[in-house]
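Structure, as structure tokens:
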Amino acid sequence: MDPIAPLSKVGEWGPNALIIAAGLLGVGFGFVLERAGFGNARTLAGQWYGYNFAVLRVMFTAIVVAMVGLFGLWYLGVVDLSAVYVNDTFLWPQIVGGVIFGIGFGVGQYCPGTAVVACATGKIDAITFMGGFFVGLIAFFFSYDTIAPFYASSSMGRVMLHEWLGVPAGVVVLAVVVVALGAFGLTHVIDRRFALKRGTS
Amino acid sequence: MSAPENQDAVVPPAVEATVPTPVVPAEVVAAPTPAVAPEVALAPEPVPEVPVATSKVQPQPYWNSYVAGVALGLVLLAAFVVTGRGLGASGAVTRMAAYSLQSLEASVKGGTAAAGDTIARRNEYTGQYLKGPADPLDDFLVYMFIGVVAGGFISGVLSRRASFEIARGPHTTNMRRLAFAALGGFISAYGARLARGCTSGQALTGGATLALGSWAFMFAVFAGGYAIAYFVRKEWL
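Here the protein sequences line up with chains G and U, keeping their order.
Just so you know, we're using the numbering used here here: the first sequence kicks off at 2 and counts up by one.
Just so you know, we're using the numbering used here here: the second sequence kicks off at 1306 and counts up by one.
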């Protein structure tokens, strides 16, 4: 059977339908981020100091669920994977940008999505985070000419892990599930260590 | 919400700890609203021992992390299935910054600059949003951003977590926290633009679609975060 999704592409939706879809998805996104505790920097900081692994658990669970769902639906012929947007790879800018982003995350204890939710629930530190973010964007704009060659470097286009490794998609999907489960287990071992330490001291 | 129901679902330790008013149970139970119910049913499935392991450090009203993860994963999957795109946050803010820059210059110089040659239009990066007839704010990610604000607010109000406060560690000052947050925002904005996305657009969305560069980004974020954590530990420990 022919794929029926992505619905907006197969059904050739107009702009208004997409606007409504984007808004509703955003509501779900913001709602869940807040429920996960990500509207508060204290939850997010726990990731780096080992007192709360919500960031890793929520993120990897979400990746696994969405990945298994997406590739499962593709396997069943429901989703046309080639019509799903996959981020283009610019390897080195993404690695360097990732490290810088991680440093900013560690200093500010928000990322853009969580800061927006935290602002929406009145966290004043999230408001200054967004202020800094805004200024950081302006700084990027005005330094763009200088860094443009690096920004455009190591361009690899649309590359998925299994294509890069030359293995079937299922192998990578399974590997990600296994790694995620291993990471979850590890966080619980660390939790137990912390609990023991507190109990004995 | 009726009182007897509340008592069934209450988590005792958190009750005394939060607010010493007679209505306290309502605060704690506020989380299981109608919207939440389907997710709560999933709670025992992923890893049952979690609530025990985290109950000491994590405020009870939040969802269990695996429940929240499944819910977030379903939102992301819905985005793929419905729109063929994922979730994003920093893209919308980038457009707003470009738009603000343009508007600021236009308002300082007067009406003529709006149509003509401005710094923001000449800039190679912001120019991509501002050249051409399209409204830079008429974009999928901007509408999603509005939704995120609404969704976060709705959840915060329903769970009575929406209040003006500064989230900080126990041994730092409010001013230090606000300054660190602003500095962190500045740094992460630069990183997000260089990497073409943030935790949502790259790590989450790119991670689930198995994009090579997004996985590299994700590990780089964790590396950067852990590398800096030691130096700013006094803000949180």
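C-beta: ideal position from N, C-alpha, C; glycine also.
Asked                                                                                                                                                                                           : Found
Cβ of glycine 1511 (chain U) within 8 Å of Cβ of phenylalanine 102 (chain G)?                                                                                                                   : no
Should glycine 1389 (chain U) be counted as a contact of the ligand HEM given a C-beta to heavy atom distance under 7 Å?                                                                        : The ligand HEM is not part of this structure, which contains no ligands at all.
Can you have a look at alanine 1508 (chain U) and say buried or exposed, based on whether 16 or more other CB atoms are within 10 angstroms of its CB?                                          : buried
Can you say whether alanine 126 (chain G) is buried or exposed, counting buried as having 16 or more other CB atoms within 10 angstroms of its CB?                                              : According to the sequence provided, residue 126 (chain G) is aspartate. The question's alanine does not apply to it. Buried is the call here.
Mapping the DSSP letters down to three states, classify glycine 38 (chain G) as helix, strand or coil.                                                                                          : coil
Could you tell me which chain G residues have their CB closer than 7 Å to the CB of threonine 1504 (chain U), listed as they occur along the chain?                                             : Cys112, Gly114
For valine 117 (chain G) versus alanine 1376 (chain U), is the C-beta spacing smaller than 8 Å?                                                                                                 : no
Please list, in chain order, the residues of the stretch 1427-1459 of chain U that have any C-beta partner in chain G closer than 7 Å.                                                          : Asn1428, Glu1429, Tyr1430, Thr1431, Phe1445, Tyr1448, Met1449, Phe1450, Ile1451, Gly1452, Val1453, Val1454, Ala1455, Gly1456, Gly1457, Phe1458, Ile1459
Could you tell me how far apart the beta carbons of threonine 122 (chain G) and glycine 40 (chain G) are, in whole angstroms, since I believe they sit closer than 8 Å?                         : 5 Å
Of the residues G:Tyr76, G:Gly24, G:Pro94, G:Thr44, which one's Cα is nearest the Cα of glycine 109 (chain G)?                                                                                  : G:Thr44
Since I believe threonine 62 (chain G) is in contact with alanine 1516 (chain U) (beta carbons under 8 Å), could you give me their beta-carbon distance rounded to a whole number of angstroms? : Their Cβ separation, rounded to whole angstroms, is 19 Å, which puts alanine 1516 (chain U) and threonine 62 (chain G) out of contact at 8 Å.
Residues bridged to alanine 6 (chain G) by DSSP?                                                                                                                                                : G:Val80
Thinking C-alpha only, which one of U:Thr1423, U:Val1372, U:Ser1468, U:Ala1411 is nearest cysteine 120 (chain G)?                                                                               : U:Ser1468
Quick one: list the residues of chain G neighbouring valine 1380 (chain U), beta-carbon separation under 7 Å, in chain order.                                                                   : Leu26, Gly29, Phe30, Val33
From U:Gln1433, U:Met1401, U:Phe1527, U:Met1523, pick the residue whose C-alpha is nearest to that of phenylalanine 135 (chain G); which is it?                                                 : U:Met1401
Against chain U, with Cβ distances strictly below 8 Å, would proline 150 (chain G) count as a contact?                                                                                          : no
Mapping DSSP to helix, strand and coil, what is phenylalanine 185 (chain G)?                                                                                                                    : helix
For chain U, find out if any of its Cβ atoms is closer than 8 Å to the Cβ of proline 4 (chain G); answer yes or no.                                                                             : no
Which residue comes first and which comes last in the beta strand (DSSP E) that contains glycine 1506 (chain U)?                                                                                : From DSSP, glycine 1506 (chain U) is part of no beta strand (DSSP E); its letter is neither H nor E.
Does any C-beta atom of chain G lie closer than 8 Å to the C-beta of leucine 1409 (chain U)?                                                                                                    : no
Is the CB of serine 1360 (chain U) under 8 Å away from at least one CB in chain G?                                                                                                              : Since pLDDT at serine 1360 (chain U) reaches only 39, below the 50 mark, its modelled position is unreliable, and the value read off the structure follows with that caveat. No, serine 1360 (chain U) does not count as interfacial toward chain G.
In this structure, does DSSP put serine 156 (chain G) in helix, strand or coil?                                                                                                                 : strand
If you draw a straight line from the alpha carbon of valine 1413 (chain U) to that of glutamine 1433 (chain U), how long is it in whole angstroms?                                              : 22 Å
Compare the C-beta of arginine 1465 (chain U) with all C-beta atoms of chain G and state if any pair is closer than 8 Å.                                                                        : no
What separation, rounded to the nearest whole angstrom, lies between the Cα atoms of glycine 70 (chain G) and aspartate 1422 (chain U)?                                                         : 47 Å
Can you name the residues of chain U whose CB is closer than 7 Å to the CB of serine 9 (chain G)?                                                                                               : Val1387, Thr1388, Gly1389
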